[in-house]
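K.L.:
Numbering (the working numbering), first residue to last: 76 to 464. Even glycine gets a Cβ: it sits at the ideal position worked out from N, Cα and C. Structure incoming, see below.
Here it is in structure tokens:
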């Protein structure tokens, strides 16, 4: 666990350094927003780390990954086939043709088929993460990598493989913190940078004509820059919704609450076609920020500095709820997200995030809960299982 936290601290320090250096040339968000954000992230790292230690989660997850029992291969293949056939494959083929013809990312994104495509994308992401975490055989790993690559080529987005990256690194460091796992995680991160560079090179409409070396540099710069922009967006949310009742409920439930409000009234945060999160705000000459509203921002907007208490309690409650109901894959998704990318984007900020969370729950129920868990599983017993056989 400690190496993973150290890795995250490096990421967070890089973001904070980028934010401060950016402010030296342009401007910074308010000091109150920065203070709350940094405090919330720091306390969250401590709280979740202690939670993992107190709950003996390394023992628990050893029984969850690799899977106990045998997977029903025919059911799994049927499920994957249904998901891939409609509507993902036609969109993928169109995107490939667009890439080879020199289309930019905006043109390629226009090929998507709306919400049905994003539902399929969410399920494929959840399946890919499940395959990577179980690691039962090389074929599963290869299939997961292929699925992630296909998704990345369709969306031309680095965020497509950031989620599997964080989840795999979290599983390596939490389950078995061995030297080989640390080396493997570093190799995965290097491969992420290399593939991110390829994504940059393939989207001339955004990055221009660049080399692979420039693509790697741009990927690292973009990672810290976009994460730093989340503080500016947090300030905007505080100014727009500070003290309102709707943002108080939104901080906990996000889009799941907002879509209900949009149905019964004309007032909502992101639902009902408001375009709030996609609207760019100016953060400097030629720079715009959107989408990356951090999970701590609505808590600060609703409750002020007291929001940090609700923020800590809500994150720990979600983890404990998933652990109690033995939702293994969703627990890994939420735990890795709470420690890393949720700090820069609320997990339920939009319908894409809501669909992704539901996709993990669906895969959890269909793939994991439908298979027998032996009585000796550490999900029912705190003693670690014997894998010697």
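To which residues of the same chain is residue 206 closer than 8 angstroms at the C-beta, ignoring the five residues directly before and after it?
P.N.:
215, 216, 218, 219 and 222
K.L.:
In angstroms, rounded to a whole number, what distance separates the CA positions of residue 420 and residue 117?
P.N.:
16 angstroms
K.L.:
List the whole-angstrom C-beta distance separating residue 416 from residue 241, where the pair is believed to meet the contact cut-off of C-beta under 8 angstroms.
P.N.:
In this structure, residue 416 and residue 241 form a Cβ contact; the two beta carbons are roughly 6 angstroms apart against a cut-off of 8 angstroms.
K.L.:
Just the Cα atoms here: how many angstroms apart are residue 198 and residue 224?
P.N.:
So the two alpha carbons sit approximately 15 angstroms from each other.
K.L.:
Go ahead and pull the three-state DSSP assignment for residue 368.
P.N.:
The answer is coil: DSSP assigns residue 368 none of H, G, I, E or B.
K.L.:
Please classify residue 363: does DSSP put it in a helix, a strand, or coil?
P.N.:
strand
K.L.:
Measure how close the beta-carbons of residue 201 and residue 435 come, nearest whole angstrom, since I'm counting them as under 8 angstroms.
P.N.:
5 angstroms
K.L.:
What runs of the alpha helix (DSSP H), each 4 residues or longer, lie entirely inside the stretch 299 to 339?
P.N.:
320 to 328 and 330 to 339
K.L.:
Might you give, ordered along the chain, the residues of its own chain that have their beta carbon closer than 6 angstroms to the beta carbon of residue 236, omitting 5 neighbours on each side?
P.N.:
223 and 227
K.L.:
Excluding the five sequence neighbours on either side, which residues of its own chain have a C-beta within less than 6 angstroms of the C-beta of residue 373, listed in chain order?
P.N.:
Contacts found: 322, 325 and 326.
K.L.:
Between the alpha carbons of residue 363 and residue 129, how many angstroms are there, rounded?
P.N.:
42 angstroms
K.L.:
Residue 360 and residue 467 - do their beta-carbons sit closer together than 8 angstroms?
P.N.:
Limits of the chain in this structure are 76 at one end and 464 at the other, which puts residue 467 out of reach.
K.L.:
Tell me which residues share the same chain as residue 300 and place their Cβ nearer than 7 angstroms to its Cβ, disregarding the 5 neighbours each side in the sequence.
P.N.:
Contacts found: 93.
K.L.:
Quick one: is residue 95 buried, meaning 16 or more other Cβ sit within 10 Å of its Cβ, or exposed?
P.N.:
exposed
K.L.:
Using beta-carbon positions only, say whether residue 316 and residue 344 come within less than 8 angstroms of one another.
P.N.:
yes
K.L.:
Using three-state DSSP, classify residue 358 as helix, strand or coil.
P.N.:
strand
K.L.:
Using only CA atoms, which one of 389, 84 and 352 lies nearest to residue 428?
P.N.:
Looking at 389, 84 and 352, the one whose alpha-carbon comes closest to that of residue 428 is 352.
K.L.:
Using the three-state DSSP reduction, which class does residue 402 fall into: helix, strand or coil?
P.N.:
coil
K.L.:
What did DSSP end up calling residue 345 once you bin it into helix, strand or coil?
P.N.:
coil
K.L.:
What does the alpha-carbon distance come out to for the pair residue 80 and residue 245?
P.N.:
9 angstroms
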